[in-house]
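To convert, take the position in the sequence shown, counting from 1, and add 64; that gives the numbering used here.
For each residue, glycine too, the CB sits at the ideal point set by N, CA and C.
Report on the following structure.
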Amino acid sequence: MLSHSSIFSEHLLEKESGSELRVAAVQMASGPSVSANLEEALRLIELAVSQEAKLVVLPEYFCIMGLQDTDKLSVREQPGEGVVQSFLSETAKRLGVWLVGGSVPLVSHVPDKIYNSCLVYDDDGRQVARYDKIHLFGLALGNERFAEEKTIEAGDKVIALDSPFGRIGLSICYDLRFPELYRMMGKVDIILAPSAFTAITGKAHWETLIRARAIENQAYVIAPAQGGFHVSGRETNGDSMIVDPWGVVIDRLARGPGVVVATVDRAYQSSVRASLPALEHRCL
């Protein structure tokens with residue numbers, strides 16, 4: 065049986081030359097050791113590149129999931145300096161890919177807080193964008209308690225950038241629950257949503273939120289996640305996925321370390337937008 069995307073793609077007259085590019089979402093179960101996490105990240109990035117990915121996106125907190133929420137303060141870095149940022153820059157350049165550090169702890173204006181920052185590097189290893197997470201996660205449900213505002217300073221800038229893959233909008237995890245953020249980006253072709261959803265909230269809402277953001281923006285959504293049990297005892301949802309502009313999940317990985325790889329087809333996306341011009345029909 066054909067998927068919705070396969071049925072829809074039959075209406076394409078002819079794909080534009082060079083309109084297809086491979087992208088990847090990396091899933092991890094990071095721990096408290098930055099060096100160990102970077103070693104695992106490198107293995108998975110190289111796995112994605114071996115499958116011809118040219119844009120590779122790491123999950124939120126890929127470099128550290130500490131025993132305590134405050135552990136990330138001890139490894140925070142100055143912008144443009146530090147082990148994690150050097151790793152991202154050097155790896156992007158060496159492998160010739162665009163590489164996204166889902167979130168990196170950077171110093172903030174508040175001594176006992178960080179910015180949770182998504183950093184984008186081009187294939188020359190240059191940092192071309194930085195997004196500081198705006199919406200800070202808070203949860204009090206059963207035995208689970210989270211309050212990111214205690215250790216993270218919220219960002220205040222909406223970030224989108226042009227790339228060889230199209231215009232990319234940046235977000236992190238909890239941002240997914242706030243669709244107005246994505247509207248403020250303007251028309252974007254790809255949305256990045258590196259995350260560390262809890263097992264409880266992920267099971268309930270993760271796929272629904274990802275597919276909704278894809279459908280309403282007629283954009284590809286690349287959603288790499290933390291997925292598994294962590295040394296701290298925390299359990300994250302995983303289910304990293306890439307979703308197309310029609311809301312179809314192209315590929316996904318339920319649990320454990322690995323990569324999800326898919327093709328971004330700009331001609332297909334253009335056909336979706338031309339056939340159902342919802343973005344042009346907005347009234348409010």
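Buried versus exposed call for residue i [16 or more other C-beta atoms within 10 Å across all chains shown]
i: residue 342; result: exposed
i: residue 124; result: buried
i: residue 272; result: exposed
i: residue 65; result: Because the pLDDT of residue 65 is 37, which lies under 50, any placement of that residue in the model is unreliable, and the number read from its coordinates should be weighed accordingly. The residue in question, residue 65, is exposed, as its Cβ has fewer than 16 Cβ neighbours within 10 Å.
i: residue 282; result: buried
i: residue 173; result: exposed
i: residue 190; result: exposed
i: residue 256; result: buried
i: residue 158; result: exposed
i: residue 112; result: buried
i: residue 333; result: buried
i: residue 146; result: buried
i: residue 119; result: buried
i: residue 205; result: exposed
i: residue 349; result: Limits of the chain in this structure are 65 at one end and 348 at the other, which puts residue 349 out of reach.
i: residue 138; result: exposed
i: residue 153; result: buried
i: residue 70; result: Confidence is the limiting factor: at residue 70 the pLDDT is only 42, short of 50, which leaves the residue's position unreliable, though a coordinate-based value still follows. It counts as exposed.
i: residue 99; result: exposed
i: residue 345; result: exposed
i: residue 328; result: buried
Close beta carbons around residue i, own chain, < 6 angstroms, minus the five adjacent residues each side
i: residue 151; result: 102
i: residue 296; result: 131
i: residue 317; result: 91, 304, 324
i: residue 199; result: 238, 239, 242
i: residue 275; result: 307, 311
7 angstroms Cβ shell around residue i - same chain, five flanking residues per side excluded
i: residue 210; result: 201, 202, 203
i: residue 301; result: 261, 262, 263, 266, 267, 270, 289, 291
i: residue 314; result: 306, 307, 308, 326
i: residue 140; result: 169, 170, 171, 178
i: residue 106; result: 155
i: residue 193; result: 184, 223, 225, 234
i: residue 142; result: 171
i: residue 347; result: none
i: residue 95; result: 101, 129, 294, 295
i: residue 134; result: 215
i: residue 160; result: 187
i: residue 104; result: 92, 321
i: residue 181; result: 167, 168, 170, 194, 195, 196
Residues that DSSP places opposite residue i in a beta bridge
i: residue 316; result: 305
i: residue 89; result: 121, 324
i: residue 292; result: 300
i: residue 262; result: 300
i: residue 329; result: 84
i: residue 287; result: 305
i: residue 348; result: Residue 348 pairs with nothing; no bridge assigned.
i: residue 240; result: Bridge partners of residue 240: none, in fact.
i: residue 234; result: 256
Neighbourhood of residue i by C-beta, 8 angstroms cutoff - its chain only, sequence neighbours within 5 removed
i: residue 75; result: Unreliable positioning characterises residue 75 in this predicted model, as indicated by a pLDDT of 39, which lies under 50. The coordinate reading is nonetheless provided below. Within the same chain, residue 75 has close Cβ partners 335, 339.
i: residue 115; result: 86, 88, 323, 325
i: residue 162; result: 118, 119, 120, 156, 184, 185, 186, 187, 227, 228, 229
i: residue 245; result: 198, 199, 222, 235, 239
i: residue 144; result: 191
i: residue 67; result: Note on residue 67: pLDDT 43, under 50, position unreliable in the model; no value is reported.
i: residue 280; result: 243, 246, 342
i: residue 298; result: 129, 262
Note to self: When you compare the region 176-194 with the region 214-225, are there three or more beta-carbon pairs, one atom per stretch, that lie closer than 8 angstroms?
What the structure shows: Three or more pairs of CB atoms, one per stretch, sit closer than 8 angstroms, so the region 176-194 contacts the region 214-225.
Item checked: Contact between the region 249-257 and the region 219-233 (3+ Cβ pairs under 8 angstroms) -> The region 219-233 and the region 249-257 touch, with three or more beta-carbon pairs separated by less than 8 angstroms.
Note to self: Taking 8 angstroms as the cut-off, does the region 79-99 touch the region 319-333 (at least 3 CB pairs, one atom from each stretch)?
What the structure shows: Look at the beta carbons and you see the region 319-333 touching the region 79-99: at least three pairs across the two are nearer than 8 angstroms.
Note to self: I'd like the ranges of any beta strand (DSSP E) spanning at least 3 consecutive residues and lying wholly in the region 147-226.
What the structure shows: Within the region 147-226, the beta strand (DSSP E) runs of at least 3 residues that lie entirely inside it are, in chain order, 162-171, 178-185, 191-196, 202-205, 208-211.
Notebook entry, point to check: Does the pairing of the region 158-169 with the region 114-129 give three or more beta-carbon distances under 8 angstroms?
Noted result: Result yes; three or more Cβ-Cβ pairs closer than 8 angstroms.
Next item on the list: Kindly provide the ranges of any alpha helix (DSSP H) runs that are 4 or more residues long and lie completely inside the region 94-148, ordered along the chain.
Entry: Counting whole runs of 4 or more residues, the region 94-148 contains the alpha helix (DSSP H) stretches 98-114.
Note to self: Pairs of beta-carbons, one from the region 225-235 and one from the region 180-194, closer than 8 angstroms: are there three or more?
What the structure shows: With a cut-off of 8 angstroms, the region 180-194 and the region 225-235 count as touching, because enough Cβ pairs lie within range.
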